[in-house]
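Trainee: Attaching a single structure in structure tokens format; questions to follow.
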Amino acid sequence: MAETTPPVYQAHYGWDRRTTAVVVLSTVFTAVLLFSDVPLYARLLGLPLFGVGGLFMAYMAMSGKVAFRVDETGVLLGGNPARYGATTAHVPWGDITGVVLWRQTAGGAHVPYVGVTRREGAPALPGDSPKARAVLGRLVPVPAGVVMTSRPVTGWRLDRDRLVATVAHFAPGIPVGDHW
Numbered sequence: 481m482a483e484t485t486p487p488v489y490q491a492h493y494g495w496d497r498r499t500t501a502v503v504v505l506s507t508v509f510t511a512v513l514l515f516s517d518v519p520l521y522a523r524l525l526g527l528p529l530f531g532v533g534g535l536f537m538a539y540m541a542m543s544g545k546v547a548f549r550v551d552e553t554g555v556l557l558g559g560n561p562a563r564y565g566a567t568t569a570h571v572p573w574g575d576i577t578g579v580v581l582w583r584q585t586a587g588g589a590h591v592p593y594v595g596v597t598r599r600e601g602a603p604a605l606p607g608d609s610p611k612a613r614a615v616l617g618r619l620v621p622v623p624a625g626v627v628m629t630s631r632p633v634t635g636w637r638l639d640r641d642r643l644v645a646t647v648a649h650f651a652p653g654i655p656v657g658d659h660w
């Protein structure tokens with residue numbers, strides 16, 4: 481009888497529509513700033529914004545680092561590729577009470593997020609502080625504690641069905657809920 485591999489869910493940073501669009505637009509704006517008769521102040525402001533921003537987005541997409549992972553040990557919240565080690569957090573199943581999918585809306589843009597809710601008294605994660613929670617509590621549509629354990633779904637793709645199946649496999653009592 482063949483042994484089946486547990487359905488680990490893992491997503492890596494890579495190229496998605498949004499990342500590709502940002503890199504392409506940044507390249508176009510950078511070229512315009514470099515090769516046209518643009519005032520010096522526009523170059524001084526635009527080159528760092530579009531040049532560096534585009535390079536960072538390309539770096540993020542090409543890094544291949546783990547953005548999000550669900551396995552038998554819990555949930556890995558991949559960090560910002562520029563500070564990956566300092567911003568990556570692992571949340572063990574014993575601390576998790578739920579998985580939450582939510583959106584942050586700013587103007588006409590919508591950024592999807594995936595996060596976890598945790599049991600009372602769970603250890604703090606990187607970046608979690610009373611000041612951060614106070615600020616975030618006023619800016620987002622979910623509790624500040626969920627924001628501290630969330631990651632934006634940018635630069636990688638979320639497969640909701642696979643996520644739900646993997647959570648059900650490793651933590652049958654943990655709900656996956658939408659907050660959008």
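For the sequence shown, counting from 1, position 117 maps to 597 in my numbering; every step adds exactly one. Backbone N, C-alpha and C define an ideal beta-carbon position, used for all residues, glycine too.
1) Pop quiz: Leu513 and Arg523 are said to be a contact at Cβ under 8 Å. What is the actual Cβ separation, rounded to whole angstroms?
2) At which residue ranges does the segment 519-596 contain complete alpha helix (DSSP H) runs of 4 or more residues, listed in the order of the chain?
3) In the DSSP assignment, find the beta strand (DSSP E) that holds Ser630 and state where it starts and stops.
4) Who pairs with Tyr489 in a beta bridge, going by DSSP?
5) Which residues mark the beginning and the end of the alpha helix (DSSP H) in which Ser506 is found?
6) Figure out for me which residue from Pro632, His492, Gly625, Thr634 has the closest Cα to the Cα of Thr577.
7) Taking DSSP's pairing of strands, which residues face Gly657 in a bridge?
8) Where does Arg598 fall in DSSP's three states?
Mentor: So, from the data block:
1) Along the sequence shown, one-based indexing puts residue 513 at 33. Along the sequence shown, one-based indexing puts residue 523 at 43. Indeed they touch by this definition, with Cβ atoms about 5 Å apart.
2) 520-526, 533-543, 564-567
3) Residue mapping note: residue 630 aligns to position 150 of the sequence shown, counting from 1. 630-632 is the span of the beta strand (DSSP E), which, as asked, contains Ser630.
4) Counting from one through the sequence shown, the residue named residue 489 turns up at place 9. In DSSP, Tyr489 forms a bridge with Val550.
5) As a working mapping, residue 506 is identified with position 26 in the sequence shown. Residues 497-515.
6) As a first step, residue 577 is located in the sequence shown; it is residue number 97 there, counting from the start. Per the Cα distances, Gly625.
7) Reading the sequence shown from its first residue, position 177 is the one you call residue 657. According to DSSP, Gly657 bridges with Val580.
8) Translated into positions along the sequence shown, residue 598 becomes position 118. Arg598 falls in the strand class under three-state DSSP.
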